[in-house]
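With full-length UniProt numbering as the guide, the letters of the sequence shown map in order to residues 1 to 1154. Glycine included, C-beta positions come from ideal geometry on N, C-alpha and C. Keep in mind that this is a model prediction, so the values were computed, not measured.
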Amino acid sequence: MGTEASARLVSKFIILCLIFTLWQLGSEFKNRSIAQTLPDEEVRAFKQVAKKLGLNLGYPGVFLDGSFCNQSLFLGIGCNCTFQNDTICHIRKIELSASGLTGVIPDELANLTHLESLDLSMNQLTGSIPASLGNLSWLNDLDISNNQLIGSIPESLGNIKFQAHYSNKKVDMIRGYFNLDLSSNYLSGSIPVTLGKLAVPSAADSGSPLQLSLDLSNNQLTGPIPESLGNLTFGTIYIYLYDNFLSGSIPASLGALSHLWTLDLHNNGIFGTLPQTLGNLSYLERFTVGSNSITGTLPESFASLQSLTTFSVAGNYLSGPLPDFIANWTEIEELYLNGNNFHGRIPAGIFNISYLQILAISDVAADSNFQFPPSTHVTTSFIHRILILRNCSITGQIPSYIGNMSSLSNLDLSFNNLTGRIPDALKNLNLSYISFSNNMLSGEIPDWIQNANWSKIDLSYNNFSKPTFEKSSKLDWNLFSCCCNCSTCLPNTTDPTTEKYCPRPNYHSLFINCGGGEPIKVDGNVYDQDNDTSQFYLSPKGNWARSSAGSTVDAFNSSEFLKSMKCGLSSEATLYKSARSSPVSLKYYGFCLRKGKYRVILHFAEIVCEDMRYKSTDKRIFDVYIQGERKLKDFNIIEKAGGPNLVHEENFTAVNVNDGVLQIHFYSAGKGTLQGPLISAISVTPEYKLHNQLSPLHIALIAVASIIAFVLLLLLFAWMMGWLGTDHLQEIDIGLEKPVTLKQLKVATGNFSKRNEIGQGGFGTVYKAELQGKIVAVKKLSSHSEERINQLKNEFYALKSMSQENLVQLLDVYNAKGLHLLIYEYMQNKSLAHALFDSKSKLKLDWEARFNICLGIARGLAYLHEHPRLKTVHRDIKSANILLDGNLKAKISDFGLASLYTEDDQFKFVKVEVTEGYMAPEYVRGVVTSKADVYSFGVVILETVSGRKNAGHKRDSQETEFLLDTACDLQRKGKLVDLVDKTLSNKYDAKQAIIILNLAVKCINISPTLRPTMSEVVSVLVGDKKIEEICSSDQIEDINDPHVKEIAEFAVSEYNKKSGKKLELQSVVKGETRVVPGENYRLVITVKDNSAVAKYEGVVYERIWEHTRELLSFDSHIAQVDSSVSMEVTSRASTPSNLIKGEDEREHISESTP
């Protein structure tokens, strides 16, 4: 049974195999009976195409004949065999990307009339683009990018009508994406106007959106962008024209492309303004026009670009404020605004954009005063990866909310005016790069920074105190010139520029092989190697140093900024085989150089090899400064040298070195496409003669020269004594290219005549002078200060270096016997006092002007108080010393002149200032710090806001009422806003007014330690901080708190001035607790009367003392000592007037017993 069953099973299997074999044979016969054929003309055309492209079809089973489409097709060649009932084939696609093809693009491709896709990208094809390709009516994808094609773009390509055919009938498109990609070749000429005709016939439109990608980028195209491109009618459009040499302006017609999603025009020569019509592009996601020459402002119509994810205008010449509507681009991810001339505030809402990952703003206008938005306007949901706010003139402190940006990897706040400390909130950030270089940060570098998860740290050029810890070897630090103690830099390895480091200059030349790995000898001079990859490097001999600063959006490694030439240059050009670059700033210092004039030669070559990512349109643009003076602006190595790998030298003669230090600074303002400046070598040689051994002739010449020098010294002495009348020949700098002489200056002032007088002060008289079309102010110092002037000559010259937009610029100083002049810039609108109080003034200060004046004064004082080298207390801040320029910008005058006062002058000064009420209380006791300026600033704020003089009104016929009293009284009543000038007619910002007036009351606090610093004042005015966050009101724990005695002493002093008595403070004790235990108590102040008319030996009076340091209100009462004496007292904490109100005791005889 089992055997039979097995036999039957085998028989069935054999029958099934026979049936399957017969079925296969039938299928093969059927296929052969309906063979699919490639037409002969296409076979011939394709043979020529394969031959010219160097296409190897010699594979087994592949025959280039009519049966080609039925064979195992060569990879990348596709056919469509649905024609004439599936009997005729046509070549549908040729996709041979990255196939090593050489030769030219064959004209015979035009004979493949049904070709839909032609992709020959990423090969080595040469020659031009055949015009016949424009006849391919079935084409929907033409990609010949990344070859070596030359010539112009054929106009015939504009005739392409993207469509698809099946059989002989037009049918709906099944492929909705059309592509014309000619990028990354060497195509030249202009963009054909005919490309604006690219279209899809309506019969082929399925009704679904049809996409077009037009990519002509990375070629050598010239001329304007055709207006005709605005006629494209596809459903979604992408246009890439970047990395060319296109010129002209952006056509307004592009605003008609309502479905344009990408417009990339960066790195061309486009100029003009941004068209308003581009605001119509509501679908636009990517807009990049960086590295062009576009001017004007960001159009208001751009507020409608709500779909933007990437917006780049970097490296142009745009100006004006950053519009607030940027904060409404809620989809934006990358925002590049760097390298322009914007000014104003950063829109607060930018930091609240949910998807923003990259924010880059840099190199704004010098007077911009960019500000961080206040913390109250910033949320804590950040995803920023890169935050660059470089060279934006930002003032104030680093906001703590940056510490909430947990995704941040790159933080660059360099080249600003930031003050204060590094906030602890930053300690948890995971940063690959952080730079606070070139600011005015102070205080200690926090200890936690050595353990922070940061790779590169740049704290150079600040005012930190000396680090208390050893630098971690794990981190790449730059602490060059970072750390100073008060105004004197410490002589340590982080700051080798001090005199102690190089007490005796002994070098007369300098040679550096920038980026070079070994010393090289050229023309007998040895060029030092410079291949260290750290941000700061000091040469082994200590005669030069290098400092690199700044960052870029792209991540970078220090070694990337060492360039090595392996091609292109001749063997003789050894100086140019290496170079050093830097992300933004590169400074070289020469130390210990002898005094004299030098020749500086800078050697450049843009190193480019075939393996480098370099495009012909690339440009490296940077500025060059020598000794702080810009020598080259927008310097382009390739343009100057005539191409890459060609050498170029820049020679500078008569470079003065006076203090042993030479500084050469290369700075990139973000205008080019290649990162940062680049330098191959530096050579510095003396222009004075060197002598190693003196011959007798030389000795004789030196002797003669010594005699001549002695005679000249005698003549100089006679000139200084006024015995020689050549003063009029001395040159004076007035800020023009050509200096003037003293004689010309005297003529311009009418020999200091009364008619040219424009002001008088404690230091002298100011005259108006017009020379060479420029008006300057000439201050002639009083002769009675002659001795002090001679002692302070050097300080005058130091004041010339103090440059800040809210300080009146000192242009030059002239000193001679009996004549001492300070030449300042001229202020058209005179002083703030004139604008506020002079009835003849025609100036009308609205609220915005007044607020900006207060902010400007605050910034100027902050600069004076926190200058890294020349910390200055003004001592005479008042509205008459605040000058206004033509734009009503406030500028502080007479800074740095307080030292001119003799003792008699100071007595007169105190007498006047006490009457006017500008002087801080502690001045009387001879204690003067920067907090005295803060007090005077508070008075000026009150005058500016109210339009009233501080001591300008009478409360009664006997006593002057100070504006300070009124302010404090209104603050207690909660009515400070009543102080605002009534002439403003309620046209002011009430919120700002309340803030600024409360800030003024803070500033006029009786206790200096309770007043804010000027940098804190600035932070409140710009919205970085609230008033409550500055000068916190710490509680007074006991009666021995120094502020208790300080206020008591001042109270007695004020009473003495008003009464003529000579009371002396004896003691301050705690009185009876009152109101709520532990919250306030009485002070019992005992004094001894040394007046000749006194009828008692002691007076005791009390007042209520609030337990916190904010002294807001006190009670007035009678404190009696015995039955014959009583004294009424009132007190206020924050103003000097009426602190004690006392009358002669004889008017208050009491018959009662205490």
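Buried or exposed, going by whether 16 or more other CB atoms sit within 10 Å of the CB of residue 116? Here residue 116 refers to the residue found at position 116 of the sequence shown. Buried, since its Cβ has 16 or more Cβ neighbours within 10 Å.
Just to confirm my understanding: we take residue 630, look at its own chain, exclude 5 residues before and 5 after, and list those with CB closer than 8 Å. What are they? Walking along the sequence shown from the start, residue 630 turns up at place 630. Non-local C-beta neighbours of residue 630 in its own chain, meaning closer than 8 Å and more than five positions away in sequence, comprise 623 and 624, ordered along the chain.
Taking C-beta to C-beta, are residue 841 and residue 835 nearer than 7 Å? Taking the sequence shown and counting its residues from 1, the one referred to as residue 841 is at position 841. Taking the sequence shown and counting its residues from 1, the one referred to as residue 835 is at position 835. Yes; because the gap between Cβ atoms is below 7 Å, this pair is in contact.
List the whole-angstrom C-beta distance separating residue 222 from residue 188, where the pair is believed to meet the contact cut-off of C-beta under 8 Å. Position 222 of the sequence shown, counted from the start, is the residue given in the question as residue 222. Position 188 of the sequence shown, counted from the start, is the residue given in the question as residue 188. About 7 Å separates the two Cβ atoms, so the contact holds.
With a Cβ-Cβ cutoff of 7 Å, do residue 405 and residue 419 count as a contact? Working through the sequence shown from its first residue, we reach residue 405 at position 405. Working through the sequence shown from its first residue, we reach residue 419 at position 419. Going by C-beta atoms, residue 405 is not nearer than 7 Å to residue 419.
Could you say if the stretch 857-873 and the stretch 727-746 meet the contact criterion of at least three C-beta pairs nearer than 8 Å? No: fewer than three Cβ pairs fall under 8 Å.
On the three-state DSSP scale, how would you describe residue 42? Mapped onto the sequence shown, residue 42 falls at position 42. Residue 42: helix per DSSP, three-state reduction.
Between which two residues does the beta strand (DSSP E) carrying residue 353 extend? Residue numbering aside, residue 353 sits at position 353 when the sequence shown is read from its first letter. Segment: none, residue 353 is in no beta strand (DSSP E) and carries neither H nor E.
Using 8 Å as the cut-off, can you tell me whether the stretch 809-818 makes contact with the stretch 756-763, which would need three or more C-beta pairs spanning the two stretches below that distance? Segment contact: the stretch 809-818 against the stretch 756-763, fewer than three CB-CB distances shorter than 8 Å; contact not assigned.
Cβ-based burial, residue 737 [other Cβ within 10 Å; buried from 16]: Here residue 737 refers to the residue found at position 737 when the sequence shown is read from its first residue. Its Cβ having fewer than 16 others within 10 Å, residue 737 is exposed.
Below 8 Å on the Cβ atoms is my guess for residue 307 versus residue 290; work out the distance and round it to an integer in Å. Your numbering for residue 307 matches position 307 in the sequence shown. Your numbering for residue 290 matches position 290 in the sequence shown. Contact between residue 307 and residue 290 does not hold, since their C-beta atoms are separated by about 20 Å, which reaches or exceeds 8 Å.
How would you call residue 87, buried or exposed, if buried means at least 16 neighbouring beta carbons within 10 angstroms? For this step, residue 87 is matched to residue 87 along the sequence shown. Exposed, since its Cβ has fewer than 16 Cβ neighbours within 10 Å.
Hey, which unbroken runs of the beta strand (DSSP E) at 3 residues or more fall wholly within the stretch 77-143? Whole beta strand (DSSP E) segments, 3+ residues: 77-83, 88-95, 117-119 and 141-143.
With H, G and I counted as helix, E and B as strand and the rest as coil, what does DSSP make of residue 329? Reading the sequence shown from its first residue, position 329 is the one you call residue 329. In the structure shown, residue 329 sits in coil (DSSP, three-state: anything other than H, G, I, E or B).
What's the call for residue 711, buried or exposed, on a 16-neighbour Cβ count within 10 Å? On the sequence shown, residue 711 is found 711 positions in, with the first residue counted as 1. Result: exposed.
Please tell me whether residue 274 and residue 237 are closer than 7 Å, where the distance is taken between their beta carbons. Translated into the one-based positions of the sequence shown, residue 274 becomes position 274. Translated into the one-based positions of the sequence shown, residue 237 becomes position 237. The answer is no: Cβ separation not under 7 Å.
Near residue 155, what residues of its chain come up, given a Cβ to Cβ distance below 6 Å and the 5 sequence neighbours on each side ignored? Counted from its first residue, the sequence shown places residue 155 at position 155. Cβ neighbours of residue 155 beyond the five flanking positions: 192 and 194.
According to DSSP, which residues form a beta bridge with residue 869? Along the sequence shown, read from residue 1 onward, the residue named residue 869 stands at position 869. Per DSSP, none; premise fails for residue 869.
Buried or exposed for residue 1013, please, with buried defined as at least 16 other CB atoms from any protein chain shown within 10 angstroms of its CB. Residue 1013 sits at position 1013 when you count from the first residue of the sequence shown. By the 10 Å Cβ count, residue 1013 comes out buried.
Does the Cβ-Cβ distance between residue 832 and residue 803 come in under 7 Å? On the sequence shown, residue 832 is found 832 positions in, with the first residue counted as 1. On the sequence shown, residue 803 is found 803 positions in, with the first residue counted as 1. Cβ distance not < 7 Å, so residue 832 and residue 803 don't count as in contact.
Tell me the residue span of the beta strand (DSSP E) that contains residue 652. As a working mapping, residue 652 is identified with position 652 in the sequence shown. Run containing residue 652: 647-657, per the beta strand (DSSP E) assignment.
Considering only C-alpha positions, which residue in the set 679, 671 and 672 is nearest to residue 664? Residue mapping note: residue 664 aligns to position 664 of the sequence shown, counting from 1. The option with the nearest alpha carbon to residue 664 is 679.
Does the contact criterion of 3 or more C-beta pairs under 8 Å hold for the stretch 582-591 versus the stretch 640-651? no
What do you get for residue 617, buried or exposed, if any count of 16 or more other CB atoms within 10 angstroms of its CB means buried? Position 617 of the sequence shown holds residue 617. It is buried - the Cβ of residue 617 has at least 16 other Cβ atoms within 10 Å.
Roughly how many angstroms lie between the CA atoms of residue 775 and residue 824, to the nearest whole one? Locating residue 775 in the sequence shown gives position 775, counting from the first residue. Locating residue 824 in the sequence shown gives position 824, counting from the first residue. Taking the Cα positions, residue 775 is about 10 Å away from residue 824.
Any contact between the stretch 978-987 and the stretch 1007-1025? By contact I mean 3 or more CB pairs, one from each, below 8 Å. The stretch 978-987 and the stretch 1007-1025 do not touch, with fewer than 3 CB-CB distances between them shorter than 8 Å.
DSSP three-state label for residue 225, please. The residue given as residue 225 occupies position 225 in the sequence shown. Residue 225 falls in the coil class under three-state DSSP.
For residue 576, the three-state DSSP class (helix, strand or coil): Position 576 of the sequence shown holds residue 576. Residue 576 falls in the helix class under three-state DSSP.
How many whole angstroms separate the CB atoms of residue 513 and residue 519, which I take to be in contact at a CB cut-off of 8 Å? Here residue 513 refers to the residue found at position 513 of the sequence shown. Here residue 519 refers to the residue found at position 519 of the sequence shown. Between residue 519 and residue 513 the Cβ distance is about 7 Å, and since that is below 8 Å, they are a contact.
Taking the beta strand (DSSP E) that residue 1155 belongs to, which residues open and close that run? With the chain represented from 1 up to 1154, any question about residue 1155 goes unanswered, as that position is not in the structure.
Classify residue 45: buried if its beta carbon has 16 or more other beta carbons within 10 angstroms, exposed otherwise. One-based indexing of the sequence shown puts residue 45 at position 45. Per the 10 Å Cβ criterion, buried.
Three-state class that DSSP yields for residue 285 in the structure shown: Indexing the sequence shown from 1 puts residue 285 at position 285. In this structure, residue 285 counts as coil in the three-state DSSP scheme.
Compare the Cα-Cα distances from residue 951 to each of 977, 917, 239 and 968 and report the closest residue. Along the sequence shown, one-based indexing puts residue 951 at 951. The shortest C-alpha separation from residue 951 is found at 917.
Identify, in the order they occur along the chain, each residue of the same chain with its Cβ nearer than 7 Å to the Cβ of residue 245, setting aside the five sequence neighbours on each side. Here residue 245 refers to the residue found at position 245 when the sequence shown is read from its first residue. Closer than 7 Å at Cβ, skipping near neighbours: 220, 221, 222, 268, 269 and 617.
Who are the near neighbours of residue 946 in its chain, counting only those whose CB is closer than 6 Å to its CB and skipping five residues on each side? The residue you call residue 946 lines up with position 946 of the sequence shown. Counting only Cβ-Cβ distances below 6 Å, and skipping sequence neighbours, we find 979 and 981.
Can you tell me whether residue 668 is buried or exposed? The criterion is at least 16 other CB atoms within 10 Å of its CB, across all chains shown. Here residue 668 refers to the residue found at position 668 of the sequence shown. A buried status is given to residue 668, since no fewer than 16 other beta-carbon atoms sit within 10 Å of its beta-carbon.
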